[in-house]
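Protein chains in written order, with this note's numbering: chain A, 393 to 833; chain B, -14 to 454; chain C, 595 to 847.
Note that CB positions come from ideal geometry on N, CA and C, so glycine has one too.
As the structure is a prediction and not an experimental result, all values here were calculated from the model.
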Amino acid sequence: MEAEPGTDESIRCAFQSHIDSLNNAPEWWKAFKRDAFESYLKAPVPQKSDENWRFANRKGLDLSHCDFNSDPNDLDTQSLIDKSRLTTSQSGAFAFADNQTILSESASAALLEKGVIWCTLSEAIMNHEDLLKDYFMKQAVDLGSKKYADLHSAFVANGVLLYVPKGVEVDAPFYAYNWAVSKEASVFPHTLVIAEEHSRVHLVETHLSSSDQPSLSCGVTHLFAGVGANVDYTLIQGYNEETLGFQINSNIAGKDSQVDMNSVVLGCKRYRAETHGQIKGPGAHIDMRSLALTDAGQEIDQRTLQTHSAPHATSNILFKNALKEQSKTIFSGLIKVDESAQQTDAYQTNRNLLLDSNAEANSLPGLEIEANDVKCSHGATTSEIQDDEIFYMRARGIPKDAAQELIVYGFFEEILGRIEDESLANYSRKLIQAKFRGESV
Amino acid sequence: MTTAATQIDIDRDKGDFKYEESHKYDAGIGLTEKTIDYICDVKGENDWIRDFRKRALKVFESKELPTHWATKDLENIDFNKIRYYLAGDKRAKKSWDDVPDEVKETFERLGIPENERKFLAGVEAQFDSEAAYSNIKEAVAKDGVIFMGSTEGLMEHPEIFKKWFGKVIPTGDNKFSALNSAVFSGGSFIYVPPGVKVSHPLQAYFRINAENFGQFERTLIIADEGSEVTYMEGCTAPKFDTATLHSAVVELVAMPGAKIEYITVQNWSSNVFNLVTKRAIAHENAVVKWIDCNIGSRLTMKYPGVVLKGRKARGEVMSIALANEGQHQDTGAKMIHAADETTSNVISKSISVGKGRSTYRGQVRMPKHLKGCKNNTECDALLINSDSRTDTYPAITVRGDKNYVQHEASVSKVSAEQIFYMQQRGLSEAEAMSLSVNGFVNDLTRQFPMEYSVELKRLIELEMEGSVG
Amino acid sequence: MSASLEIKNLNVSIGDKRIIKDSSLTVPKGEVHAIMGPNGTGKSTLAKALAGHPDYEVTSGDALIDGESILELEVDERSRNGLFLAFQYPMEIPGVSIANFIRAAKNARLPDGEELNAPAFYKELYEKMDMLKIDRKFTSRSVNEGFSGGEKKRCEILQMAMLDPNYAILDETDSGLDIDALKVVSDGVNALRGPGLGALVITHYQRLLEYIVPDRVHVMYDGRIVKSGEKELALELESKGYDWIKEIAGNAA
Chain A
393 MEAEPGTDES IRCAFQSHID SLNNAPEWWK AFKRDAFESY LKAPVPQKSD
443 ENWRFANRKG LDLSHCDFNS DPNDLDTQSL IDKSRLTTSQ SGAFAFADNQ
493 TILSESASAA LLEKGVIWCT LSEAIMNHED LLKDYFMKQA VDLGSKKYAD
543 LHSAFVANGV LLYVPKGVEV DAPFYAYNWA VSKEASVFPH TLVIAEEHSR
593 VHLVETHLSS SDQPSLSCGV THLFAGVGAN VDYTLIQGYN EETLGFQINS
643 NIAGKDSQVD MNSVVLGCKR YRAETHGQIK GPGAHIDMRS LALTDAGQEI
693 DQRTLQTHSA PHATSNILFK NALKEQSKTI FSGLIKVDES AQQTDAYQTN
743 RNLLLDSNAE ANSLPGLEIE ANDVKCSHGA TTSEIQDDEI FYMRARGIPK
793 DAAQELIVYG FFEEILGRIE DESLANYSRK LIQAKFRGES V
Chain B
-14 MTTAATQIDI DRDKGDFKYE ESHKYDAGIG LTEKTIDYIC DVKGENDWIR
36 DFRKRALKVF ESKELPTHWA TKDLENIDFN KIRYYLAGDK RAKKSWDDVP
86 DEVKETFERL GIPENERKFL AGVEAQFDSE AAYSNIKEAV AKDGVIFMGS
136 TEGLMEHPEI FKKWFGKVIP TGDNKFSALN SAVFSGGSFI YVPPGVKVSH
186 PLQAYFRINA ENFGQFERTL IIADEGSEVT YMEGCTAPKF DTATLHSAVV
236 ELVAMPGAKI EYITVQNWSS NVFNLVTKRA IAHENAVVKW IDCNIGSRLT
286 MKYPGVVLKG RKARGEVMSI ALANEGQHQD TGAKMIHAAD ETTSNVISKS
336 ISVGKGRSTY RGQVRMPKHL KGCKNNTECD ALLINSDSRT DTYPAITVRG
386 DKNYVQHEAS VSKVSAEQIF YMQQRGLSEA EAMSLSVNGF VNDLTRQFPM
436 EYSVELKRLI ELEMEGSVG
Chain C
595 MSASLEIKNL NVSIGDKRII KDSSLTVPKG EVHAIMGPNG TGKSTLAKAL
645 AGHPDYEVTS GDALIDGESI LELEVDERSR NGLFLAFQYP MEIPGVSIAN
695 FIRAAKNARL PDGEELNAPA FYKELYEKMD MLKIDRKFTS RSVNEGFSGG
745 EKKRCEILQM AMLDPNYAIL DETDSGLDID ALKVVSDGVN ALRGPGLGAL
795 VITHYQRLLE YIVPDRVHVM YDGRIVKSGE KELALELESK GYDWIKEIAG
845 NAA
């Protein structure tokens, strides 16, 4: 029998003390958490026969050593706050260290006046119950990590709520910085963005470690784009390589809306990311892009679903992985087109660049098409850098290592070039370069 | 302009007829050890094969249906209501004159003796559980080529048969390979000696005549060093109201430098569950090519594979699937690279008509220690009606050095403009549609032997009739 | 010590196949030499082998820059030693802009820790782009990706201009160019001519040599230099055709 992580007494105790710590929270919130926790306990760990976990290493999912109530003492708040300033032009920012708010920069008075809500989740529980009841954790988790979404619901204590009313366009991005600090800390980043009709908003989320200590991150992000709304979201995951990470995202696009998502994935020993793009209205467009650079001992497991339940809509996925040393990636993507979703254009591309003969790239690009008047395609390639490409660069005097590095950066540019905020794109480039060279940022 | 869905009558005229049953041997309904004893006794098999069958039965019973990834329609097979062995005679005849009249007439209606005269090097015609006719042209037999039923093969050539039997596809590979291992009967055994190139195809034809029946042929083809052989199989059954099961195991062994081409035109009636395991081992510089056309059946699950075991071996799968109303063609390919510089190529084209569903499942594996391997996979799906369905589920794992894998899939429909253009030239909509579909598969069918591409074209035309309204 | 690019009794094979056979040639610095010859005769093999392509094995003989053998040097070391190869088929490098690419190549020529002066670099880059009539927008485009044949060749000459080599080999730089593009490329090469550059122009046609007038012409056939002469040799070859060379080669053999 496999040890069932989390079924021991310690996690029950941890959950009880988590509930006890919520003394001021409303009863519906506590009840919601208790249900989620029970559901978490009941759910089995991922099974070998589970198609959603195909190729994934099911070892290393043990959570028994995690500290679910880490209370960071000796927190060097100031240095984390200093590191939580990637840009000078922002509409608002929060930073969290082991789930605690350490930086809070509210939206401008002008935005607040227009009805924009930018607050922490703990604040939202007290003041925006109606929004949470409509939107909080309302999405089905259909890519395999229901158990971990329940864990998230049970323990989530903080995060951000961004609500943009009808017609409001916000230029500068909002930032949510999530730091994992203590040894065995468990962080539960939560991001909820609700963009009403014809609004426009941009949000950046970072998931970073402040030390080399092992930790658990179990995050959820839900983006709702209303009719004609435009939501742009970037996630930078740069945890240390001792971290176990789960990330469950849903991008819900209403009629004529557009959702853009960019992920930069560099950290974690094991990272499991599930992203569900849901086309809910005609004319919607969802773009999901991700880059990952892996090195020794890492397993990056990304699963995506593009569900088209309305006609005349488009979605596009581009996931690029470059693998160094003995590392492993899994890309599993499915395009699902319902019978009603005629005139769908849906594309999916996975490119893997193997930089080491010990690296392993797995690709599961899938299609389930039930409407005939569609344009759907997927493509997956796995290869190494071509010798001729290296030769060409060396013939210009560029040493072999530098040539390889340039080619890898070039490989990622297709995605980095789509990050609108140039300072953020440059920050990502810096992280990638540091990781590639094994330097610290 | 849209093309509306209509009701379709599946026209499988050519195969939809049957004769009264008169079986001398009948293992009865359901599957127990007694069924196996009956089969062994009738065939006069040795104890090792009896033990092999009984072990396989246990494996079959212990394995779950693969419904965690496959269709739940499998649950509609009632293994207790199937007849596992029915035979008129246990020995195949070498002359059509000796074949019982009804059986002979069946194969004549299907054009088998005529084809044999025209372009085949040998023919085996299986009727329910056993071959009724089996013959190889004298000139071919003179070269040392062995072509006979699998039962005769294991009795007359145990030294070759035992070496490879169950080695390419072990009993426990999947539930249906275990079932076949328990009750197999019929199928072909072929051995081609080193350097012999069989210039004309060998053909097997599988006919189901009985109701509530399961056909479980077992085929083993060994092409020794530098030899070449083409094998073709066809099949039909009358349409019954109850489900019929066909579950074959086909093992191919291509020794260094050998070439095997295996062609299937599957046209089972739409009550047949067709659950087949096909795999080849390709040694150094060998080439194995599966050409697989699935037109009939209720549910087909079949993923021909090649284990590329020797340096520079090559594996190919070219498949065409046509899923009409009430049909699910769940097909694909497996390419297991196990030596340096091996290459594989998969081209799959599927057409879904009405509520028909076609599924592609693929597996490509290149493990760590390999160098210079290549795979290319292309899957194209054509959807005819607005409620037709297609799925694609490839799984690709790549490690190693200088390996390259490319997978592409696309989904499209018949262009309304194209249909309009052809109609303007005077073609009916159905004719235009059929032309268009044949165009879609043309670059594949062109690679088939002529007789088969003609047959396939005709079958597609039949299927497309009434697909538009 | 002679300032030259020198090839001495060079033999080059690809796999088991001998391509270059006992060829010798000296291009003194300051001169432009042309190699002509029919297709498949080994001209491009010579270029690739001199640049150090791993598929081309030098089985005997030597290649020297200013008297020093380069055969033991890696590809990039040869480049930094001043040898430039303009490729017949330049590679596409997705995501790497021309500016970044040339900058990386120039940085590789600086001592460790030193970085290029960016404003000076761009000033130089723009000047040379203007000279080669390359739109400045190209600086941010990925190297050769989606370029037309002519754009690729101009981009090669731009790199040559920026890297300031001592010796350059131009491998069929004229192939695929229309007459206007040919003029632009030739003007670019001519502008770089001078006492500091020795160039070896590989071409199939005499046409290019009307624009880049060589000091000497060598004719290659079946892996050997079968005839060398003044620039008039190119015209003679054009009028008499390659069959004439076959005869000469036959007599020489």
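For Trp275 (chain B), the enclosing beta strand (DSSP E) starts and ends at 272 to 279.
Contact between the segment 550 to 567 of chain A and the segment 667 to 676 of chain A is absent, with fewer than three C-beta pairs closer than 8 Å. C:Met725 is the residue among C:His812, C:Trp838, C:Met725, C:Leu803 whose C-alpha sits nearest the C-alpha of Gly782 (chain C). The segment 729 to 806 of chain C is shown to contain whole beta strand (DSSP E) runs of 3 or more residues at 761 to 765, 792 to 797, in chain order.
For Tyr190 (chain B), the pairing in a beta bridge is given by DSSP as B:Ala110, B:Gly219.
Closer than 8 Å at the C-beta level to chain A, one finds these residues of the segment 391 to 407 of chain B: Gln391, His392, Glu393, Ala394, Ser395, Val396, Ser397, Lys398. The beta carbon of Ser701 (chain A) sits closer than 7 Å to the beta carbons of Ile671, Lys672, Asp730, Ser732, Ala733 from its chain, once the five residues preceding and following it are set aside; these are given in chain order. Ala265 (chain B) is a Cβ neighbour of Gly300 (chain B), given a cutoff of 9 Å. Boundaries of the alpha helix (DSSP H) harbouring Met725 (chain C): 712 to 725, taken from the DSSP string.
Distances from the CA of Met518 (chain A) to each of A:Asn491, A:Glu497, A:Ala549 were compared; the closest alpha carbon is that of A:Ala549.
Counting only runs of 3+ residues, no beta strand (DSSP E) is found wholly inside the segment 41 to 72 of chain B. Under the three-state reduction of DSSP, Tyr567 (chain A) is assigned to strand. In the DSSP assignment, Met529 (chain A) falls outside any alpha helix (DSSP H) and carries neither an H nor an E.
At least one CB atom of chain C sits nearer than 9 Å to the CB of Leu798 (chain A).
DSSP places Ile629 (chain C) within a strand segment (E or B) once states are collapsed to three.
Straight-line spacing of the CA atoms in Lys79 (chain B) and Gly171 (chain B) works out to 15 Å.
Proximity to Gly15 (chain B) across B:Lys9, B:Ile24, B:Ser7 peaks at B:Ile24, based on C-alpha coordinates. At a cut-off of 9 Å between C-beta atoms, Val807 (chain C) does not count as an interface residue with respect to chain A.
For the alpha helix (DSSP H) assignment, the segment 633 to 705 of chain A encloses no uninterrupted run of at least 4 residues. The alpha carbon of Pro648 (chain C) has as its nearest neighbour, out of C:Asp656, C:Asp670, C:Glu824, C:Lys637, the alpha carbon of C:Asp670. At a Cβ-Cβ threshold of 9 Å, Ser337 (chain B) and Leu367 (chain B) count as neighbours. As DSSP reads the structure, Asn742 (chain A) sits in a beta bridge with A:Phe711, A:Ala772.
Taking 9 Å as the threshold, the shortest C-beta distance from Leu368 (chain B) to chain A falls below it. Excluding the 5 residues flanking it on each side, Lys840 (chain C) has same chain C-beta neighbours closer than 8 Å at Tyr815, in chain order. Annotation for Ile696 (chain C): the continuous alpha helix (DSSP H) segment containing it runs 692 to 701. Listed by position along chain A, the residues whose Cβ is nearer than 7 Å to that of Met723 (chain C) form an empty set, because the closest Cβ is around 17 Å away.
Cys364 (chain B) carries a strand assignment under DSSP once its states are collapsed to helix, strand and coil. If you check each beta-carbon in the segment 686 to 701 of chain C against every beta-carbon of chain A, the ones closer than 9 Å belong to Glu686, Ile687, Pro688, Gly689, Val690, Ser691, Asn694, Phe695, Ile696, Ala698, Ala699, Lys700, Asn701. Residues of chain A with a Cβ closer than 9 Å to the Cβ of Asp768 (chain C) do not exist, since the nearest Cβ in that chain sits about 20 Å away. Within chain A, the residues placing a beta-carbon under 8 Å from that of Val669 (chain C) are Phe783, Arg786, Ala787, ordered along the chain. Put simply, of C:Lys821, C:Ser769, C:Val820 the residue whose alpha carbon is nearest the alpha carbon of Ile796 (chain C) is C:Ser769.
Note: Ile121 (chain B) is bridge-paired with B:Gly107 in the DSSP secondary-structure output.
A straight line joining the alpha-carbon of Ala208 (chain B) with that of Asp693 (chain A) spans about 42 Å.
Annotation for Val422 (chain B): the continuous alpha helix (DSSP H) segment containing it runs 414 to 430. Here Asn330 (chain B) is bridged, per DSSP, to B:Glu301, B:Asn361. Rounded to the nearest whole angstrom, the C-alpha separation of Glu752 (chain A) and Lys720 (chain A) is 5 Å.
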